[in-house]
Amino acid sequence: MSSWQELRFEAQGTGISVPLSEQINLLGGMLGHVIQTQASPEMLDMVEKLRHLAKQAISEQDTVLRREAIAQIKELGLQDIEWLLRAFTTFFYLVNQSEQQEIIRINRDRARLLPEMGRADSIDEAVGMLHKANYPLDEVIKLIARLDIQPTLTAHPTEARRRTILYKQEHLASLIDKLRHSNPTPEERNALLYQIQNQVGLLVASDKVRASKPTVIDE
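Residue numbers (the numbering used here): 327 to 545.
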């Protein structure tokens, strides 16, 4: 049976940075290891074949490949379908978490390079640009006074996750942040990787669907 270090998932595409690609590969490999150990190597092989087939069908806009993927899914048993859903849902969670970590990394890098400009696309940056352009202070104050900022609270269906899933994702994000920014020793790095893999396993094993209607507090 392969270890997670030997399982590589490509993350190449327009706009995907090297750090993001490496992190998706790391987490994707761990997910593959979890599927192998919690289900079977055959289950991982089935998931991967369907993933590659679906990806090829979409990238090539090939209706024949799309129908082939649909036909293969229709032939799956209930247990296979359950694992297919668990694998893809967990992978999307991991990719989403990786993207959030990448946004944090980019913002940190920008803050180090241009501390006087503030965060990109922020009010702080706009004020800094006005200052560099030698706008009078009274005009800047009048401009800020006319700003109308209205926060919008939304409840998007894709964000209606169980609290247990959110807690696991928060813990996973904390571990990933330590791995990337705490400059760990080899022993500490291995310990962090072990904890991250455990969190991936818990995500896979957790029920993704609520057993009861969400309360107002949940919303």
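Idealized CB from N, CA, C, for every residue including glycine. Since this is a predicted model, take the numbers as computed values, not measurements.
- Note that the stretch 421-432 touches the stretch 340-355; at least 3 beta-carbon pairs, one per stretch, sit closer than 8 angstroms.
- Gln398 is positioned such that its CB atom lies closer than 8 angstroms to that of Leu376.
- A check of alpha carbon separations from Ala531 across Pro345, Leu410, Val466 identifies Leu410 as the nearest.
- In the three-state reduction of the DSSP assignment, Glu425 falls in the helix class.
- Only residues of its own chain outside the window of five on either side were considered, and among them Val530 have a CB closer than 7 angstroms to the CB of Arg412, listed in chain order.
- With a threshold of 16 other beta carbon atoms within 10 Å, Lys494 meets it and is buried.
- Val344 is classed as exposed because its beta carbon has fewer than 16 other beta carbons within 10 Å across all chains shown.
- Where Ala459 is concerned, there is no enclosing alpha helix (DSSP H), because DSSP gives it neither an H nor an E.
- Relative to the Cα of Ile522, the nearest Cα in the group Pro512, Leu346, Ser500 belongs to Ser500.
- Measuring C-alpha to C-alpha distances from Thr415 to each of Glu514, Leu357, Ala517 identifies Leu357 as the nearest.
- Straight-line spacing of the CA atoms in Glu386 and Ala395 works out to 14 angstroms.
- Around the beta-carbon of Val373, 16 or more other beta-carbon atoms lie within 10 Å, marking it buried.
- Pairing Ser448 with Gln525, the inter-Cα distance amounts to about 34 angstroms.
- Distance between Asp464 and Val453, taken at the CA atoms: about 12 angstroms.
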